[in-house]
Amino acid sequence: MMSAPAGRPTRVLLADDHTLVRRGVRLILDGEPDLSVVAEAGDGAEAVALARETEVDLAVLDVAMPRMTGLQAARELSRRLPDLRILILTMYDNEQYFFEALKAGACGYVLKSVADRDLVEACRAAMRDEPFIYPGAETAIVRTYLERLRRGEGLPARAVTDREEEVLKLVAEGHTTKEIGELLFISAKTVESHRANLLQKLGMRDRLELTRYAIRAGLIEP
């Protein structure tokens, strides 16, 4: 799944849980002769499944989606399909998400508010193996990074592991321990262990506080 051969449009997988957003983004991409949306997903897990069974060159993933976020899906896709290009499309102008997106294997980060302006160029940059950072972000990101270096700090550490993040998201979405175990193919006892670790790590007491944290972290939408 390297660059699309000359004469064939880049095959795009589009993942967003809002049908209207997908429709609008599809109109933007399908309006270009070198881009073609060949698959659509309503959440991250569906995106991973579709990418494995459909011939796609580029995945465009929303951050906040049910079951599995765009960042979680990007990590999974990077492991399973290392040649697949990945773009994160988000409403969050957030430096932490930007760094997480790069660590997850994405080559670009596009804001939904300016998707009509930036998304096509971001797709083309991704297929050229070039990174795309939304205009205006570079200065803020570099300034913050340099300030951290001056203070002797590195990049901000993630509070939770990938698996804990998966459990946290499903807890916040209201799934039972049994349902979470079935979705993640782990035992109910392991789910409870992850939940206890999350409460201890984050200094929280119950599902409600975990849900509020998940909203702030962009794992679920309010």
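Sequential numbering of the sequence shown, starting at 1, is according to the UniProt record's numbering.
Idealized CB from N, CA, C, for every residue including glycine.
In the displayed model, Phe-185 falls within coil according to three-state DSSP, outside both helix and strand.
Rounded to the nearest whole angstrom, the C-alpha separation of Cys-123 and Leu-35 is 8 Å. A distance of 9 Å or more separates the beta carbons of Ala-15 and Met-91. Gly-105 and Arg-75 have their alpha carbons spaced roughly 6 Å apart. Per DSSP, the continuous beta strand (DSSP E) segment holding Arg-11 begins and ends at 10 to 15.
In the three-state DSSP reduction, Arg-52 falls in the helix class (H, G or I).
Secondary structure at Tyr-109: strand, using DSSP grouped into helix, strand and coil.
Counting along the chain, Ala-122 sits inside the alpha helix (DSSP H) bounded by residues 115 to 127. Per DSSP, Ser-193 has no beta bridge partner at all. By the C-beta density criterion, Phe-185 is exposed, having fewer than 16 other C-beta atoms within 10 angstroms. Leu-168 and Ala-214 have their C-alpha atoms roughly 7 Å apart.
Ranked by Cα distance from Leu-81, the first of Ala-51, Ala-41, Asp-17 and Glu-166 is Ala-51.
Annotation for Asp-62: no alpha helix (DSSP H) segment contains it, though the beta strand (DSSP E) segment containing it runs 58 to 62.
Across the set Ile-88, Leu-84 and Asp-83, the C-alpha of Ile-88 shows the shortest separation from the C-alpha of Thr-69. If you look at Val-171, you'll find it in the alpha helix (DSSP H) that goes 162 to 172.
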